[in-house]
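A quick write-up on the structure given underneath.
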Amino acid sequence: MKTIKNHVNGILNRQVLVLNQNYHPLLVCTARRAISLAYLGKVEIIEKYRETVHSPSIAMPLPSVVKLDRFIHVRESSIVLSRRNILKRDRHQCQYCERRSVPMTLDHIIPKERNGPDSWENLVCCCHTCNRAKGNRTPEQAGMKLMRRPKKPTRIHYIRQFVKREQSSWRPYLYMEPMRTGALA
Ligand SMILES: [Zn+2]
Numbered sequence: 036m037k038t039i040k041n042h043v044n045g046i047l048n049r050q051v052l053v054l055n056q057n058y059h060p061l062l063v064c065t066a067r068r069a070i071s072l073a074y075l076g077k078v079e080i081i082e083k084y085r086e087t088v089h090s091p092s093i094a095m096p097l098p099s100v101v102k103l104d105r106f107i108h109v110r111e112s113s114i115v116l117s118r119r120n121i122l123k124r125d126r127h128q129c130q131y132c133e134r135r136s137v138p139m140t141l142d143h144i145i146p147k148e149r150n151g152p153d154s155w156e157n158l159v160c161c162c163h164t165c166n167r168a169k170g171n172r173t174p175e176q177a178g179m180k181l182m183r184r185p186k187k188p189t190r191i192h193y194i195r196q197f198v199k200r201e202q203s204s205w206r207p208y209l210y211m212e213p214m215r216t217g218a219l220a
């Protein structure tokens, strides 16, 4: 009995992507919360997990993506500029040599000594080897190329980190792959 209960709790704690009424990703909540919102008619279930949730009276597919019934205005939340968040944004990958799984540091693209600011646009995740090789130079001067131009992360970047294999149905909504035909119909 305990096992069954834990299993149900596990299912109800599964993460659900909540979209605004215009399909813009808003946040991640638990299935428990999404089901009660669906029950109240406040959200529409757009994508489902394979499992079904049973209560004494109803059986409902376990929601994976839900969409709000009404549009809500949200301010773009501001993510704190920190070492941890820079490393997270860059997925712990050196932005010069593209290596992962080696100790990382932060690199000022325009060095601090040349008045390079501490900003989302001037800080990147960098391995120690590249950091030493670059020294107090700009990437151009050092003949090094950045993988991508760093930007301030958005809500979508933040939500993307929740996507695991089970959340593959979220990917089109987070612009990680093209929308399936008819998904917006
Ligand atoms: Zn590197």
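Following the working numbering, the numbering of the sequence shown begins with 36 at its first residue and continues without gaps. Backbone N, C-alpha and C define an ideal beta-carbon position, used for all residues, glycine too.
**Q.** Option nearest L158 by Cα separation, candidates I80, L72, A168 and R184
**A.** Nearest option by C-alpha distance: R184.
Q | For I114, the three-state DSSP class (helix, strand or coil) | A | Residue state, collapsed to three classes: coil.
**Q.** Whole-angstrom distance between M95 and V88, CA atom to CA atom
**A.** Those two C-alpha atoms are separated by around 5 Å.
Q.
Using the Cβ count rule (16 or more neighbours within 10 Å means buried), how would you classify V109?
A. Residue environment analysis places V109 among the exposed positions, since fewer than 16 neighbouring C-beta atoms fall within 10 angstroms of its C-beta.
(Q) Taking 7 Å as the limit, name every residue whose beta carbon sits nearer than that to some heavy atom of ligand 1, in sequence order. (A) Each of C129, Y131, C132, R134, C161, C162, T164 and C165 has a C-beta closer than 7 Å to some heavy atom of ligand 1; these make up the full list, in chain order.
Q.
Please report the straight-line C-alpha distance between V63 and T173, rounded to a whole angstrom.
A. Taking the straight line joining both Cα atoms gives about 39 Å.
Q.
What residue range does the beta strand (DSSP E) around I229 cover?
A. This structure gives no information on residue 229, because the portion of the chain shown stretches from 36 to 220.
(Q) Quick check on the DSSP output: the alpha helix (DSSP H) that includes C165 runs from which residue to which? (A) H163 to K169 is the span of the alpha helix (DSSP H), which, as asked, contains C165.
Q: Kindly give me the distance between the Cβ atoms of P98 and K83, rounded to whole angstroms, as I take these residues to be in contact under 8 Å.
A: With a beta-carbon spacing of about 6 Å, P98 and K83 fall inside the 8 Å limit used to define contacts.
Q: Return the residue from the list R206, S71 and K186 that minimises the CA-CA distance to D125.
A: Of the candidates R206, S71 and K186, the one whose C-alpha sits nearest the C-alpha of D125 is K186.
Q. Given a threshold of 16 other Cβ atoms within 10 Å of its Cβ, counted over all protein chains shown, does M139 qualify as buried or as exposed?
A. Label assigned to M139: buried.
Q: Round the Cβ separation of L209 and C160 to the nearest angstrom and send it over; I've been treating them as touching at under 8 Å.
A: Rounded, the Cβ-Cβ distance is 21 Å, inconsistent with contact.
**Q.** Q128 (DSSP reduced to helix, strand or coil)
**A.** Q128: coil per DSSP, three-state reduction.
(Q) By alpha-carbon positions, which one of L75, K199 and C165 ends up nearest to Q50? (A) The shortest Cα separation from Q50 among L75, K199 and C165 belongs to K199.
Q. How would you call I3, buried or exposed, if buried means at least 16 neighbouring beta carbons within 10 angstroms?
A. Since the displayed the chain opens at 36 and closes at 220, residue 3 lies outside it and no answer follows.
(Q) By the DSSP assignment, the beta strand (DSSP E) with L62 in it spans what residues? (A) For L62, the enclosing beta strand (DSSP E) begins and ends at P60 to T65.
Q. Is the beta carbon of T65 less than 7 Å from the beta carbon of N44?
A. No. Outside cutoff.
**Q.** Cα-Cα separation between F197 and V137, rounded to whole angstroms
**A.** Approximately 23 Å, taken between the alpha carbons.
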